[in-house]
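Asker: Here the sequence shown is numbered in UniProt numbering, starting from 1 and rising by one per residue.
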Amino acid sequence: GHLRELDGASERLTLYKGDLMDYESLREAIMGCDGVVHTASPVTDDPEQMVEPAVIGTKNVIVAAAEAKVRRVVFTSSIGAVTMDPNRGPDVVVDESCWSDLEFCKSTKNWYCYGKAVAEKAACAEAKERGVDLVVINPVLVLGPLLQSTINASIIHILKYLTGSAKTYANSVQAYVHVKDVALAHVLVLETPSASGRYLCAESVLHRGDVVEILAKFFPEYNVPTKCSDEVNPRVKPYKFSNQKLKDLGLEFTPVKQCLYETVKSLQEKGHLPVPPPPEDSVRIQG
Ligand SMILES: NC(=O)c1ccc[n+]([C@@H]2O[C@H](COP(=O)([O-])OP(=O)(O)OC[C@H]3O[C@@H](n4cnc5c(N)ncnc54)[C@H](OP(=O)(O)O)[C@@H]3O)[C@@H](O)[C@H]2O)c1
Numbered sequence: 001g002h003l004r005e006l007d008g009a010s011e012r013l014t015l016y017k018g019d020l021m022d023y024e025s026l027r028e029a030i031m032g033c034d035g036v037v038h039t040a041s042p043v044t045d046d047p048e049q050m051v052e053p054a055v056i057g058t059k060n061v062i063v064a065a066a067e068a069k070v071r072r073v074v075f076t077s078s079i080g081a082v083t084m085d086p087n088r089g090p091d092v093v094v095d096e097s098c099w100s101d102l103e104f105c106k107s108t109k110n111w112y113c114y115g116k117a118v119a120e121k122a123a124c125a126e127a128k129e130r131g132v133d134l135v136v137i138n139p140v141l142v143l144g145p146l147l148q149s150t151i152n153a154s155i156i157h158i159l160k161y162l163t164g165s166a167k168t169y170a171n172s173v174q175a176y177v178h179v180k181d182v183a184l185a186h187v188l189v190l191e192t193p194s195a196s197g198r199y200l201c202a203e204s205v206l207h208r209g210d211v212v213e214i215l216a217k218f219f220p221e222y223n224v225p226t227k228c229s230d231e232v233n234p235r236v237k238p239y240k241f242s243n244q245k246l247k248d249l250g251l252e253f254t255p256v257k258q259c260l261y262e263t264v265k266s267l268q269e270k271g272h273l274p275v276p277p278p279p280e281d282s283v284r285i286q287g
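Encoded structure:
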């Protein structure tokens, strides 16, 4: 439904039903295309649901793209294929040269990161073998307004701080980016002939403490947690990263505060988050 509401959809959008594990369904959708943006993937830490569809499905897309002789394929990978490396030093600037350590992903049961990293490697190998022009986007946690009526994993990351389901915040850091910037990144690499390799798509890295502070300032009407679950260890520091490659293509990243604000507003507008009455103080001030 939400896809048919996009601007120009009635004239320019054709929907095909596809399953990553069903090669024929992909072939049918891709045949006759100039470019392919491969974004579909399971998003779960269940190894059985995650790894095979991500890896086999991605290979299927590359094979179908080769058969259809498309000009370029853009694959949506993830920061999960980049940063999961216990041996990376604290001063290393995370960029497109970094890869997650597959053994570490496995031993920590980070099956989503494992699946995305293996899928990205498989996509590169398959593309090289079949002469497919492949460019990869590695987004960090995606925020911003929702198009669809359902809630995905990255939105729950924020929603839990507003519904009261998270009583504390973790002593950890996370990188964020606006969904419109991720979409534009895909368009830019699809349309820029010289684009190649991987593109790290990130605006900021924040500690959870910073996230809850921003949320509480914008939305004081919610009981956003104020305590860290880890009161023993020092506060984890944000890692350094470079998004220069996408900036060089002309992308101007939306500030993370705006991403957080727009996410919550959208959750309210779509009915996922009740809007409490304003606190008594603000009523008195207005009166
Ligand atoms: N959200 C983030 O923070 C984030 C960050 C980095 C990278 N990514 C990547 O961005 C992409 C989209 O993620 P999202 O957050 O939008 O996740 P999402 O809301 O869970 O969307 C995933 C999409 O993949 C489709 N899909 C899953 N398994 C499939 C299969 N076997 N065959 C065909 N389609 C299948 C789903 O279709 P149904 O709706 O029919 O199930 C859904 O439309 C994924 O590749 C994800 O790894 C997301």
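Even glycine gets a Cβ: it sits at the ideal position worked out from N, Cα and C. Bear in mind the structure is a predicted one, so any value in this text is a computation, not a measurement.
With distances taken Cα to Cα, identify the nearest neighbour of asparagine 152 among Thr44, Tyr23 and Ser196.
Answerer: With distances taken between Cα atoms, asparagine 152 lies closest to Thr44.
Asker: Which residues mark the beginning and the end of the alpha helix (DSSP H) in which histidine 157 is found?
Answerer: Residues 153 to 163.
Asker: Pull the bridge partners of asparagine 138 from the DSSP assignment, please.
Answerer: Bridge partners of asparagine 138: Leu200.
Asker: Is it the case that the Cβ atoms of leucine 200 and glutamate 96 are separated by a distance below 9 Å?
Answerer: Yes, these two residues count as a Cβ contact at 9 Å.
Asker: Per DSSP, what kind of secondary structure is arginine 88 in: helix, strand or coil?
Answerer: Note: arginine 88 maps to coil in three-state DSSP.
Asker: If we count the other Cβ atoms within 10 Å of its Cβ and call it buried at 16 or more, is glutamate 191 buried or exposed?
Answerer: By the neighbour-count rule (16 or more Cβ atoms within 10 Å), glutamate 191 is not buried but exposed.
Asker: Roughly how many angstroms lie between the CA atoms of alanine 127 and valine 182, to the nearest whole one?
Answerer: For alanine 127 and valine 182, the distance between alpha carbons rounds to 22 Å.
Asker: Could you check where the alpha helix (DSSP H) with threonine 263 kicks off and where it finishes?
Answerer: Start and end: 256 to 269.
Asker: Just tell me which of Lys106, Leu267 and Lys59 has its CA closest to the CA of glycine 80.
Answerer: Closest option to glycine 80, Cα to Cα, is Lys106.
Asker: Please state whether DSSP places phenylalanine 75 in a helix, a strand or coil.
Answerer: The answer is strand: DSSP assigns phenylalanine 75 an E or B state.
Asker: Across which residues does DSSP place tyrosine 16 in a beta bridge pair?
Answerer: For tyrosine 16, which the question treats as bridged, DSSP gives no partner whatsoever.
Asker: Could you check where the alpha helix (DSSP H) with alanine 175 kicks off and where it finishes?
Answerer: It is not in any alpha helix (DSSP H) - alanine 175 instead sits in the beta strand (DSSP E) that spans 173 to 178.
Asker: Where the beta carbon is closer than 5 Å to any heavy atom of ligand 1, which residues qualify, in chain order?
Answerer: Those residues, listed in chain order, are Asp19, Leu20, Thr39, Ala40, Ser41, Pro42, Val43, Pro53, Thr76, Ser78, Pro139, Leu141, Val142, Asn152 and Ser154.
Asker: Would you identify the three-state DSSP class for leucine 143, choosing helix, strand or coil?
Answerer: Correct three-state label for leucine 143: strand.
Asker: With C-beta atoms as the reference, is valine 205 less than 9 Å away from phenylalanine 241?
Answerer: Against a cut-off of 9 Å, the Cβ pair of phenylalanine 241 and valine 205 comes out as a contact.
Asker: Among all the DSSP beta bridges, which residues are the ones paired with tyrosine 23?
Answerer: Beta-bridge pairing links tyrosine 23 to no other residue.
Asker: Using only CA atoms, which one of Lys265, Met50 and Gly32 lies nearest to leucine 162?
Answerer: For leucine 162, the nearest C-alpha among the options comes from Lys265.
Asker: Using the three-state DSSP reduction, which class does cysteine 124 fall into: helix, strand or coil?
Answerer: Cysteine 124: helix per DSSP, three-state reduction.
Asker: Which residue comes first and which comes last in the beta strand (DSSP E) that contains valine 37?
Answerer: That run of the beta strand (DSSP E) goes 35 to 38.
Asker: May I have the straight-line CA-CA distance separating valine 232 from alanine 170, to the nearest angstrom?
Answerer: Using only the alpha carbons, I get a separation of about 12 Å.
Asker: Taking the alpha helix (DSSP H) that arginine 208 falls in, what are its first and last residues?
Answerer: It spans 208 to 218 - the alpha helix (DSSP H) in which arginine 208 sits, taken as one unbroken run.
Asker: Candidates Gly115, Gly89, Leu102 and Ser154: which alpha carbon is nearest residue 288's?
Answerer: No statement about residue 288 is possible, as the shown extent of the chain runs from 1 to 287 and does not include it.
Asker: Since glycine 144 contacts cysteine 259 with CB under 8 Å, what's their CB separation in whole angstroms?
Answerer: Going by Cβ atoms, the distance from glycine 144 to cysteine 259 rounds to 6 Å, so yes, they are a contact pair.
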